[in-house]
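Here's the structure, in structure tokens; my notes come after.
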Amino acid sequence: MSTLTTEGTVGLGIRRISASKKPDTTTKQYPELAILVDISSCIGCKACEAACQQWHDLTPPIMTPEEVVQRRIAGYQSHPDLRHDLFMLMKFNEGESEGRFVWFITKYQCMHCAEPGCLIACPSPGAVIQYQNGIVDFDHSKCIGCKMCLVGCPFDVPRFDANNKPWKCNFCIDRVTAGLEPACVKTCPTQCLTFGFKEDMVEKGKKIVQSLKERGYKNATLYDPPGVGGTGYIYVLPHGDKVKEYNLPENPRVDASIGLWKGPLKVLGSIAIWGALLGAFLQLILWGPIKVLGGKEEDKEG
Amino acid sequence: MDIERFSATDRILHWVTAIAFLYCMLSGIGIAYPKFHWMLTLLGGGEFARWLHPWAGAVFSVGAILMILKWSRDMVMKGEDWLWLMRIKAYISGRHEDLPEVGKFNGGQKLYSWVVFLSAVIFFLSGLPMWFPENFSIGLVRWSVVVHEITFIVATFFTVIHIYMGTIGVPGSIWGMIGGKVSETWARFHHPRWFREVRGE
Ligand code: HEM
Ligand code: SF4
Ligand code: SF4
Ligand code: SF4
């Protein structure tokens, strides 16, 4: 349906494209990639945030002290929210667990869902692409700027520039394609971030969860939400019973309204509109136009 | 002799509303159905069509509301109109003797005017959150899309029929909206009671 011209897409292999027929994925298969975020070894240094901005040449405005007070943001967080020129953000939330103070830290960016709500909701053929390796990215040349990707995203991720084009973490697809690890992973000083095949990352995450449990974090979990088919960013959460405190949705899934809109309502709309056209055509060929006096005296008076 | 059916104000209102609606309908189809994405090219390109759609929608909504304010007295549905609608098969198959006598508008036209009015309100209320999704709660935006789509299906169904009847289906009607005058024969045949009223009979 759409003609993809993005350089390198064929090389990477495409799993899915917005508003288009599903590509035949039997020819070329790539293993899924993932980034494991082990919150238990995150020191909140925000080096990843800086690296992300540096690699992508982003210069989001720095918050003024007044803004910090006004928005009631824990002083350590650098921006209130993601922006079109800020693809990832370390979020900080002060809370407690079992009577002890806990700093809930999350790395917040696109999750690279296996079932991406952004792609499912997008009406423009080719504007959202999911590669075989699981990376979800936009093609601005095909995007019509309708913001439906934000409406479909269960993680509230895409942000829009002045022309209504969406921006988000693209998994450093340029680096990954060149065989490098993503910028944020490369820079992480504690090995809180690891990049590799999804299978290996899940295994590694499970091991960390196990050792956390042995050290007394009995609610530790691996966050890889099945509601969206799993994600390309997976998290080891030491306090797995407090997913919300980490600013992560508890059971994210593509909203039922999106399925209704893209499924049954499209079929119903086609039937109604083609049906009306067919009905009009049948009237025409069965009985003909409704002429004055059945067409008999038209000449005399009309 | 021709008689006036729609004043200049009526005609301007109708065409502003109709053209805005058509733009919304065609760009909406292009956005909603990937197979018809190419239509957006004819409407100025995807980006432009998506930009103009809500503005055209606003024009349509205002126009439709003004129109119903002006025409509402003629559009009130009465018992005879429901009867007319129930016997619509007689109308489209040319057996007009089986139908109740019609005034300025028949049951089908009255029903369509209310569909347009209601859709103008619902399109606008559901379109607004879709226009500015960052300023509304995400749940409201998501269900607005569903409501917008259902309204689109109903309004487009009726509009296809409306356009057919106005052009090919009922020869002579179009002159009521182009130039504003219809022939006496046409008026007497399709809207006999209105014809007598105009004549002061
Ligand atoms: C009255 C004011 C209106 C406003 C403010 C409005 C606003 C919008 C917006 C912002 C969208 C973008 C969503 C997207 O790109 O997917 C949209 C989509 C759409 N609109 Fe409207 N609109 C209005 C009227 C209409 C009318 C009159 C029609 C048709 C007769 C219409 C039919 C559609 C359709 C079919 C879609 C596509 C939905 C989909 O993707 O399935 N709208 N509208
Ligand atoms: S997190 Fe949102 S933007 Fe990222 S892939 Fe999932 S649905 Fe798309
Ligand atoms: S704004 Fe998002 S949903 Fe709309 S066309 Fe662009 S990528 Fe697709
Ligand atoms: S993968 Fe790349 S784009 Fe995504 S957060 Fe890390 S550095 Fe930023």
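Chains A and B supply the protein sequences, listed in that same order.
According to my numbering, the residues represented by the first sequence are 1 to 302, in order.
According to my numbering, the residues represented by the second sequence are 1001 to 1201, in order.
All residues carry an ideal CB built from backbone N, CA and C; glycine is no exception.
Inset, instruction - Sort out for me which residues DSSP pairs T221(A) with in a bridge. - result: For the purposes of this step, residue 221(A) is taken as the residue at position 221 of the first sequence. Answer by DSSP bridge pairing, in chain order: L237(A).
Legend entry - beta-carbon G1107(B) near ligand 2 non-hydrogen atom, thresh 7 Å: As a working mapping, residue 1107(B) is identified with position 107 in the second sequence. No, the Cβ of G1107(B) stays beyond 7 Å of every heavy atom of ligand 2.
Inset, instruction - Could you work out which residues of chain B lie near L260(A), taking near to mean beta carbons separated by less than 8 Å? - result: Taking the first residue of the first sequence as 1, we reach residue 260(A) at position 260. Ordered by position in chain B, the residues that pass the 8 Å Cβ test against L260(A) are V1146.
Inset, instruction - Spell out whether any CB of chain A is found under 8 Å from the CB atom of T1151(B). - result: Position 151 of the second sequence, counting from 1, holds the residue named residue 1151(B). Chain A contact via Cβ: absent.
Legend entry - Neighbourhood of I1150(B) by C-beta distance below 8 Å, restricted to the same chain and skipping five residues each side: As a position in the second sequence, residue 1150(B) is number 150, starting the count at 1. Nothing listed; no residue qualifies.
Inset, instruction - Closer than 8 Å, Cβ to Cβ, to anything on chain B: give me those residues from the segment 265-283 of chain A, in chain order. - result: L265, K266, L268, G269, S270, A272, I273, G275, A276, L277, G279, A280 and Q283
Legend entry - Contact residues within the segment 74-102 of chain A, judged by C-beta distance below 9 Å to chain B: none
Legend entry - Neighbourhood of T1017(B) by C-beta, 7 Å cutoff - its chain only, sequence neighbours within 5 removed: To locate residue 1017(B), count along the second sequence from 1; it is residue 17. Result list for T1017(B): F1060, G1063, A1064 and M1067, in chain order.
Legend entry - CB-CB length for C169(A) against C110(A), believed under 8 Å: In the first sequence, the residue the question calls residue 169(A) occupies position 169. In the first sequence, the residue the question calls residue 110(A) occupies position 110. Yes, C169(A) and C110(A) are in contact; Cβ-Cβ is about 4 Å, under 8 Å.
Inset, instruction - Tell me whether the beta-carbon of C42(A) lies closer than 8 Å to the beta-carbon of T190(A). - result: Position 42 of the first sequence holds residue 42(A). Position 190 of the first sequence holds residue 190(A). Yes, these two residues count as a Cβ contact at 8 Å.
Inset, instruction - State yes or no: is the C-beta of S78(A) within less than 8 Å of the C-beta of E49(A)? - result: Counting from one through the first sequence, the residue named residue 78(A) turns up at place 78. Counting from one through the first sequence, the residue named residue 49(A) turns up at place 49. In this structure, E49(A) lies closer than 8 Å to S78(A) by Cβ.
Legend entry - Check whether S1137(B) and S1126(B) have beta carbons under 8 Å apart: One-based indexing of the second sequence puts residue 1137(B) at position 137. One-based indexing of the second sequence puts residue 1126(B) at position 126. The answer is no: Cβ separation not under 8 Å.
Inset, instruction - Alpha carbon to alpha carbon, how far is V136(A) from C959(B)? Give it in angstroms, no decimals. - result: Residue 959(B) cannot be examined here, being either before or after the span of chain B that is shown, 1001 to 1201.
Legend entry - Opening and closing residue of the alpha helix (DSSP H) in which K107(A) lies: Mapped onto the first sequence, residue 107(A) falls at position 107. Premise fails: K107(A) lies in the beta strand (DSSP E), R100 to Y108, not in any alpha helix (DSSP H).
Inset, instruction - Would you check whether ligand 4 has a heavy atom nearer than 7 Å to the C-beta of Q109(A)? - result: On the first sequence, residue 109(A) is found 109 positions in, with the first residue counted as 1. Q109(A): yes, Cβ under 7 Å from ligand 4.
Inset, instruction - May I ask which residues mark the beginning and end of the beta strand (DSSP E) holding D310(A)? - result: Shown here, chain A extends from 1 to 302; a query on residue 310(A) therefore has no answer.
Inset, instruction - Please decide whether V1213(B) counts as near chain A, where near means a Cβ-Cβ distance under 8 Å. - result: Outside the modelled stretch of chain B, which goes from 1001 to 1201, sits residue 1213(B), for which no answer is possible.
Inset, instruction - Compute every distance between the C-beta of G1030(B) and the non-hydrogen atoms of ligand 3, then say whether any falls below 7 Å. - result: Numbered from its first residue, the second sequence carries residue 1030(B) at position 30. Outside the cutoff, so no.
Legend entry - Distance between E203(A) and C188(A) (C-alpha atoms, nearest Å): The count along the first sequence starts at 1 and reaches residue 188(A) at position 188. The count along the first sequence starts at 1 and reaches residue 203(A) at position 203. One C-alpha to the other measures close to 20 Å.
Legend entry - Nearest neighbour of Y246(A), chosen from V102(A), K198(A) and G13(A) [CA to CA]: Mapped onto the first sequence, residue 246(A) falls at position 246. Y246(A) has its Cα closest to that of V102(A), out of V102(A), K198(A) and G13(A).
Legend entry - Beta carbon proximity, R1087(B) to chain A, threshold 8 Å: By one-based count along the second sequence, residue 1087(B) stands at place 87. Not closer than 8 Å to any Cβ of chain A, the Cβ of R1087(B) fails to qualify, so no.
Legend entry - Cβ neighbour criterion (16 or more within 10 Å) applied to Q108(A): Position 108 of the first sequence, counted from the start, is the residue given in the question as residue 108(A). The sequence shown places Tyr at residue 108(A), not Gln. Buried, by the Cβ-count rule.
Inset, instruction - Could you have a look at E250(A) and say whether DSSP puts it in helix, strand or coil? - result: Here residue 250(A) corresponds to residue number 250 of the first sequence, with the count starting at 1. Coil at E250(A), not helix or strand.
Inset, instruction - Spell out whether any CB of chain B is found under 8 Å from the CB atom of L150(A). - result: Taking the first residue of the first sequence as 1, we reach residue 150(A) at position 150. Yes, its Cβ sits closer than 8 Å to a Cβ of chain B.
Legend entry - Listed by chain order, chain A residues near T1156(B) by CB distance under 9 Å: Walking along the second sequence from the start, residue 1156(B) turns up at place 156. Near T1156(B) (Cβ distances below 9 Å), the residues of chain A are G269, A272, I273 and A276.
Inset, instruction - Quick one: measure Cβ to Cβ for L12(A) and M201(A), integer angstroms, because I've assumed they're closer than 8 Å. - result: By one-based count along the first sequence, residue 12(A) stands at place 12. By one-based count along the first sequence, residue 201(A) stands at place 201. 19 Å between Cβ atoms; not a contact.
Inset, instruction - Can you grab the Cα-Cα spacing for the pair G1046(B) / F138(A), in whole Å? - result: Stepping through the second sequence from its first residue, residue 1046(B) is reached at position 46. Stepping through the first sequence from its first residue, residue 138(A) is reached at position 138. Taking the straight line from one Cα to the other gives about 16 Å.
Legend entry - chain B contacts from the segment 244-258 of chain A (Cβ-Cβ distance under 8 Å): D255, S257 and I258
Inset, instruction - Drop a sphere of 10 angstroms on the beta-carbon of L282(A), count the other beta-carbons inside from all chains shown, and report buried for 16 or more, exposed for fewer. - result: Locating residue 282(A) in the first sequence gives position 282, counting from the first residue. So L282(A) counts as exposed.
Inset, instruction - Could you list which residues in chain A have their beta carbon closer than 9 Å to that of G1169(B), in chain order? - result: The residue you call residue 1169(B) lines up with position 169 of the second sequence. A280, Q283, L284, P289 and I290, listed in chain order.
Inset, instruction - Go through the residues and name those whose CB comes closer than 5 Å to any heavy atom of ligand 4, in chain order. - result: C52(A), F87(A), M88(A), Q109(A), C169(A), F171(A), C172(A), P182(A), A183(A) and C184(A)
Inset, instruction - Just mark I62(A) as buried or exposed, buried being the case when its beta carbon has 16 or more other beta carbons within 10 Å. - result: The residue given as residue 62(A) occupies position 62 in the first sequence. The residue in question, I62(A), is exposed, as its Cβ has fewer than 16 Cβ neighbours within 10 Å.
Legend entry - Contact test: V128(A) Cβ vs ligand 3 heavy atom, cutoff 7 Å: The sequence position of residue 128(A) within the first sequence is 128, counting from 1. Because some heavy atom of ligand 3 lies under 7 Å away, the Cβ of V128(A) counts as near it: yes.
Legend entry - CB contact check: C48(A) to chain B, cutoff 8 Å: On the first sequence, residue 48(A) is found 48 positions in, with the first residue counted as 1. No, its Cβ sits nowhere closer than 8 Å to a Cβ of chain B.
Inset, instruction - Determine the direct distance from the alpha carbon of C172(A) to that of F197(A), and round the result to whole angstroms. - result: Against the first sequence, residue 197(A) aligns to sequence position 197. Against the first sequence, residue 172(A) aligns to sequence position 172. The alpha-carbon atoms of F197(A) and C172(A) are separated by roughly 15 Å.
Legend entry - Residues bridged to I14(A) [DSSP beta-bridge criterion]: The residue given as residue 14(A) occupies position 14 in the first sequence. I14(A) pairs with Y131(A).
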